[in-house]
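Everything in the sequence shown is counted per this note's numbering, starting at 646 for the first residue and increasing by one. Structure record follows, encoded as structure tokens.
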Amino acid sequence: MTDAPRGEKSSKIEIENNDVARSLAGSHNEHFKLIERRCKVSLGMRGTTLNVAGDAPSIAFVERLLGQLTAVLKAGHPLFPEDVDQAVRLLGQNPDLDLKSIFLDTVMVSRSTRIVSPKGLAQKMYVDAIRSQDIVFGVGPAGTGKTYLAMAMAVAALLEKEVKRIVLCRPAVEAGEKLGFLPGDIAEKVNPYLRPLYDALNDMIDVDKANGLIERGTIEVAPLAFMRGRTLNDAFVILDEAQNTTTEQMKMFLTRMGYGSKAVVTGDMTQTDLPSGKQSGLAEALSILTNIEGIALVRFSDIDVVRHPLVQDVIRAYDALDRRRQDAKDAATTAR
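Listed below in structure tokens is the structure:
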């Protein structure tokens, strides 16, 4: 942390006790360093007194931010750097937002005892939609927590005996490779496509327990093609990377649902790996299904990215490139 530059205003914040002060500061002051970068202020801690230096609006924002983060801590929610980063973004977008209404909505506690909860307004809407609707589409860029939160909701539903099984699937479609050219039998061929689902699952449940549930068929991880001809009752079904489904595959998946089941469909329309000219089943589904009662759509944007802050900048750069290409294409069409 740095000393206050000359000529700037400063304010002192009295923190309740040393435990709260340490949690707010983070390991090696990483939370305060993040706040300094994001909010363009200087922070200096002596005991439980925090000195904030910067312009008046920035100081007021940091005071409000730390007040809300303190309330979250006192309610029993530990703070991690990504929580602080998201808090800065959320309050920057909506100064009247109550962070407790988002961060304290516990979905489940992962095997590492980390609390899984929404990190933003879109994630909160997503979790609420999954709770209340039978089919939910979560659409948006990478890093917005679509699959991870759906997985957490599925595991929580299984542990609470709301469903009897979890079915996780993805279309085995990737750019530049075909399954037939990959080594091994069919299970070995499709396993790399399903690896992200296993990774998310193993973050929720102890690996041995997860493997036992998979062996008993309580949790099934399979390519989408394996869903054909089945009816899934009392199941929580997740279709990941749905932008790579065809119209026929999407229809097949959505009609697998039986009684007592819930389906979550996730995808990013900017990362479609279907052959050129082939319509995405996800795009078509979004155009015809989202006005049906019992089906919800939650759209995520770069604002909702909860990975490394640079991911947000990467997504924005590619979005800008796509817009320039589309503008050039439209201009060429008009000129003809």
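Quick reminder that beta carbons are idealized off the backbone N, C-alpha and C, glycines included. None of the values given here were measured: they were computed from a predicted structure.
What separation, rounded to the nearest whole angstrom, lies between the Cα atoms of residue i and residue j?
i           : j           : result
residue 847 : residue 883 : 16 Å
residue 772 : residue 701 : 36 Å
residue 707 : residue 951 : 21 Å
residue 851 : residue 868 : 23 Å
residue 891 : residue 933 : 15 Å
residue 809 : residue 720 : 32 Å
residue 705 : residue 732 : 15 Å
residue 963 : residue 946 : 13 Å
residue 904 : residue 937 : 18 Å
residue 778 : residue 691 : 50 Å
residue 727 : residue 861 : 36 Å
residue 761 : residue 670 : 21 Å
residue 804 : residue 960 : 35 Å
residue 739 : residue 980 : 43 Å
residue 661 : residue 681 : 21 Å
residue 843 : residue 857 : 13 Å
residue 975 : residue 788 : 30 Å
residue 822 : residue 889 : Note that residue 822 scores 44 on pLDDT, short of 50, meaning its location in the model is unreliable and no value can be drawn from it.
residue 655 : residue 913 : 44 Å
residue 924 : residue 715 : 49 Å
residue 872 : residue 688 : 55 Å
residue 713 : residue 742 : 9 Å
residue 881 : residue 784 : 18 Å
residue 845 : residue 973 : 40 Å
residue 672 : residue 697 : 19 Å
Considering only their Cβ atoms, is the gap separating residue j from residue i smaller than 8 Å?
i           : j           : result
residue 895 : residue 929 : yes
residue 710 : residue 736 : yes
residue 879 : residue 906 : yes
residue 703 : residue 686 : yes
residue 901 : residue 876 : yes
residue 754 : residue 718 : no
residue 631 : residue 676 : Lying before the first or after the last residue shown, residue 631 is absent from the chain, which here runs from 646 to 981.
residue 765 : residue 949 : yes
Looking only at DSSP bridge pairs, what is residue i linked to?
i           : result
residue 882 : 812 and 908
residue 868 : 815
residue 941 : 781
residue 685 : Note: residue 685 sits in no beta bridge, so no partner.
residue 877 : 902
residue 658 : 695
residue 690 : 695
residue 960 : Note: residue 960 sits in no beta bridge, so no partner.
Pick out whichever of the options has its Cα sitting closest to the Cα of residue i.
i           : options               : result
residue 815 : 785, 703 and 870      : 870
residue 658 : 677, 722 and 694      : 694
residue 763 : 688, 661 and 791      : 791
residue 782 : 908, 975 and 958      : 908
residue 917 : 886, 893 and 902      : 886
residue 863 : 812, 924, 910 and 913 : 812
residue 786 : 977, 973 and 944      : 944
residue 800 : 775, 817 and 788      : 775
residue 768 : 662, 752 and 655      : 752
residue 910 : 924, 940 and 923      : 940
residue 734 : 723, 683, 759 and 725 : 683
residue 866 : 840, 854 and 853      : 840
When every heavy atom of the ligand GDP is checked, does at least one fall within less than 7 Å of the C-beta of residue i?
i           : result
residue 790 : Summarising the ligand content, the structure contains no ligands, and the ligand GDP is consequently not present.
| Meets three-Cβ-pair contact criterion under 8 Å: the stretch 961-980 and the stretch 794-803 | no
| Can you find at least 3 beta carbon pairs, one from the stretch 737-756 and one from the stretch 926-941, that sit closer than 8 Å? | no
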